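For reference, the structure is listed below as structure tokens.
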Amino acid sequence: MTGSTTPNPKPTRFMEACGLVVNEVSPTHVTGWIDLTADFHQPFGIVHGGVYASAVESAASMGATAAVSDKGLIAVGVNNNTNFLRSMTEGRVIIEARAISQSRTQQLWEVEITDEQDRLVATGQLRLQNVTPR
315 MTGSTTPNPK
325 PTRFMEACGL
335 VVNEVSPTHV
345 TGWIDLTADF
355 HQPFGIVHGG
365 VYASAVESAA
375 SMGATAAVSD
385 KGLIAVGVNN
395 NTNFLRSMTE
405 GRVIIEARAI
415 SQSRTQQLWE
425 VEITDEQDRL
435 VATGQLRLQN
445 VTPR
């Protein structure tokens, strides 16, 4: 798998809605952050887990696609397993995604989401299928 590092990719509307800001994308590593506010709360006053699951899928998908784009392929998520470890009400979280396995047809990425004190807030794995875009 080859590819190059892409700083600050253009955000999609979905990424903007989730608050995800991406710093860097490479074929094996992605970094970014989200500033969490009350806009991201579920009814009980803490950040909704879907924010973290979306960050896992978005970050890993960007890196995985960077790994196969030179072959004319994209990578799409087929299984997202996100674990919520620490509740938050506000503050910045840092997203770091790393490739675990990259084969011709599939990839596995792991993503860690930490708070500003470097405490693990959520962790996830995303399995992706490398496919030809429609």
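Residues 315 to 448, numbered by our numbering, are exactly what the sequence shown covers, in order. From the three backbone atoms N, C-alpha and C, an ideal C-beta is built for every residue, glycine too. Source: prediction; values computed, not measured.
Item: For T345, does the three-state DSSP call read helix, strand or coil?; Value: strand
Item: Would you decide whether T444 is buried or exposed? Buried here means 16 or more other CB atoms lie within 10 Å of its CB.; Value: Checking the displayed sequence, the identity of residue 444 turns out to be Asn instead of Thr. Answer is buried; the Cβ neighbour count reaches 16.
Item: Take V336 as the anchor and find which of R433, V407 and L422 has the nearest alpha-carbon.; Value: V407
Item: Whether or not the segment 417-426 and the segment 351-364 are in contact is what I'm after, with contact meaning three or more pairs of Cβ atoms, one per stretch, closer than 8 Å; do they touch?; Value: no
Item: Measure the alpha-carbon distance for L350 versus G405 and round it to whole angstroms.; Value: 5 Å
Item: Nearest chain D C-beta to A381 closer than 9 Å, yes or no?; Value: Within the model displayed, chain D is absent; a lone protein chain is all it includes.
Item: Which stretch, first to last residue, makes up the alpha helix (DSSP H) that contains V382?; Value: G363 to V382
Item: Could you name the residues of the same chain whose beta carbon sits closer than 8 Å to that of T403, not counting the 5 residues immediately before and after it, in chain order?; Value: L350, A352, H355, G359, I360 and V361
Item: Would you say the segment 429-438 touches the segment 381-398, given that touching needs at least three Cβ pairs under 8 Å?; Value: yes
Item: Is E410 near H343, with beta carbons less than 9 Å apart?; Value: yes
Item: Is the separation between the beta-carbon of A369 and that of W423 shorter than 9 Å?; Value: no
Item: Rounded to a whole number of angstroms, what is the C-alpha to C-alpha distance between V390 and G377?; Value: 11 Å
Item: In or out: L434 buried (at least 16 other Cβ within 10 Å) or exposed?; Value: exposed
Item: Taking the alpha-carbon of A331 as reference, which of Y366, R448, T446 and T428 has the nearest alpha-carbon?; Value: Y366
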